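Peer 1: Sharing a structure, written as structure tokens. Questions coming.
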Amino acid sequence: MTPRPQTQLAMRPMLPADVPLLAEIFRASIEELAGEDYSEAQQEAWASAADDEVQFGKRLASELTLVATLQNSPIGFAALKGKDHIDMLYVHPSVAGQGVGAMLCDALEKLAGSRGANSLTVDASDNAEAFFKKRGYLARQRNTVTVNGEWLANTTMQKMLETGGAQT
Ligand SMILES: CC(C)(COP(=O)(O)OP(=O)(O)OC[C@H]1O[C@@H](n2cnc3c(N)ncnc32)[C@H](O)[C@@H]1OP(=O)(O)O)[C@@H](O)C(=O)NCCC(=O)NCCS
723 MTPRPQTQLA MRPMLPADVP LLAEIFRASI EELAGEDYSE AQQEAWASAA DDEVQFGKRL
783 ASELTLVATL QNSPIGFAAL KGKDHIDMLY VHPSVAGQGV GAMLCDALEK LAGSRGANSL
843 TVDASDNAEA FFKKRGYLAR QRNTVTVNGE WLANTTMQKM LETGGAQT
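Positions in the sequence shown are counted from 1; adding 722 to them yields the numbering used here.
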């Protein structure tokens, strides 16, 4: 039998039924991929944004949220807020370092371009800064934000998008 396309890495828009799994990916990725840069208390405060899954789902649904899947199961997601801000990019730790984040980010950059954005910004967590830097994002501003009673640092980064190629 020939392999079926659904056994491969794929990407699609978020569906309401994805929310519990996306919340799990969100928590697991913070817990396992951000530990070198944030304390346990900071990670818990950050991950608490998914405690209320209804609110978390509303936030994702209000943005352009893409889900990366492997054999039809969600393994990562990314959300574009408006036309030019990456609000979320999370990959499950079990598949980290395999190009899933890059695939999602590529897609958001194309979507931002097609929405008319000249540049794209992200408030990058310290652990994700090298990922974005590698993709051409430049650090613009250091921020400290309070999340659930904890102070967390991040960096606003910006990438200029190539214009002209987005429209057909
Ligand atoms: C940041 C994140 C989305 C990257 O996803 P990923 O699927 O592991 O990244 P990829 O495998 O697509 O990596 C793409 C490139 O970036 C590099 N890279 C990825 N994470 C990196 C890191 N933490 N430090 C340095 N380089 C990194 C990879 O080596 C790869 O380089 P290559 O193109 O030379 O092979 C993922 O680590 C994550 O979910 N982190 C926790 C949540 C988070 O902080 N999200 C960002 C919120 S703004």
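All C-beta atoms, glycine included, are put in the ideal place defined by N, C-alpha and C. Bear in mind the structure is a predicted one, so any value in this text is a computation, not a measurement.
Can you list, in chain order, the residues of its chain with a C-beta nearer than 6 Å to that of Tyr859? Leave out the 5 residues immediately preceding and following it.
Peer 2: The sequence position of residue 859 within the sequence shown is 137, counting from 1. Closer than 6 Å at Cβ, skipping near neighbours: Met879, Lys881.
Peer 1: Could you check whether Arg864 and Thr843 sit closer than 8 Å to each other, using their CB atoms as the reference points?
Peer 2: Position 121 of the sequence shown, counted from the first residue, corresponds to residue 843. Position 142 of the sequence shown, counted from the first residue, corresponds to residue 864. It is not a contact, given that the beta carbons lie outside the stated cut-off.
Peer 1: Which residue or residues does DSSP assign as beta-bridge partners of Pro735?
Peer 2: For this step, residue 735 is matched to residue 13 along the sequence shown. Looking at the DSSP assignment, Pro735 forms a beta bridge with Leu788.
Peer 1: Classify Pro742: buried if its beta carbon has 16 or more other beta carbons within 10 angstroms, exposed otherwise.
Peer 2: Indexing the sequence shown from 1 puts residue 742 at position 20. It is exposed - the Cβ of Pro742 has fewer than 16 other Cβ atoms within 10 Å.
Peer 1: Taking buried to mean at least 16 other C-beta atoms within 10 Å of its own C-beta, is Ala749 buried or exposed?
Peer 2: As a working mapping, residue 749 is identified with position 27 in the sequence shown. The sequence shown places Arg at residue 749, not Ala. With 16 or more Cβ atoms within 10 Å of its Cβ, Arg749 is classed as buried.
Peer 1: Residue ranges of each beta strand (DSSP E) run of no fewer than 3 residues wholly in the region 747–812, ordered along the chain?
Peer 2: Those beta strand (DSSP E) runs which fall completely within the region 747–812 and span 3+ residues are 786–792, 795–803.
Peer 1: Enumerate in chain order the residues of its own chain whose CB-to-CB distance from Ala839 is below 8 Å, with the five nearest sequence positions on each side excluded.
Peer 2: As a working note, residue 839 is residue 117 in the sequence shown. Result list for Ala839: Lys805, Asp806, Leu883, in chain order.
Peer 1: Can you tell me whether Val813 sits near ligand 1, meaning its C-beta is under 7 Å from at least one heavy atom of the ligand?
Peer 2: Mapped onto the sequence shown, residue 813 falls at position 91. Yes, the Cβ of Val813 comes within 7 Å of a heavy atom of ligand 1.
Peer 1: Going by alpha carbons, who is nearest to Gln730 out of Val822, Ile752, Glu785?
Peer 2: Here residue 730 refers to the residue found at position 8 when the sequence shown is read from its first residue. Out of Val822, Ile752, Glu785, Val822 has the C-alpha closest to the C-alpha of Gln730.
Peer 1: Taking the alpha-carbon of Glu831 as reference, which of Ile808, Ser816, Ile747 has the nearest alpha-carbon?
Peer 2: Against the sequence shown, residue 831 aligns to sequence position 109. Nearest of Ile808, Ser816, Ile747 to Glu831, Cα basis: Ile808.
Peer 1: Identify the continuous beta strand (DSSP E) that holds Ala875 and give its terminal residues.
Peer 2: Translated into the one-based positions of the sequence shown, residue 875 becomes position 153. Where Ala875 is concerned, the enclosing beta strand (DSSP E) stretches over 872–882.
Peer 1: What is the DSSP secondary structure of Asn840, counted as helix, strand or coil?
Peer 2: As a working note, residue 840 is residue 118 in the sequence shown. Asn840 falls in the coil class under three-state DSSP.
Peer 1: If we count the other Cβ atoms within 10 Å of its Cβ and call it buried at 16 or more, is Thr885 buried or exposed?
Peer 2: What you label residue 885 is simply residue 163 of the sequence shown in a count that begins at 1. Exposed, by the Cβ-count rule.
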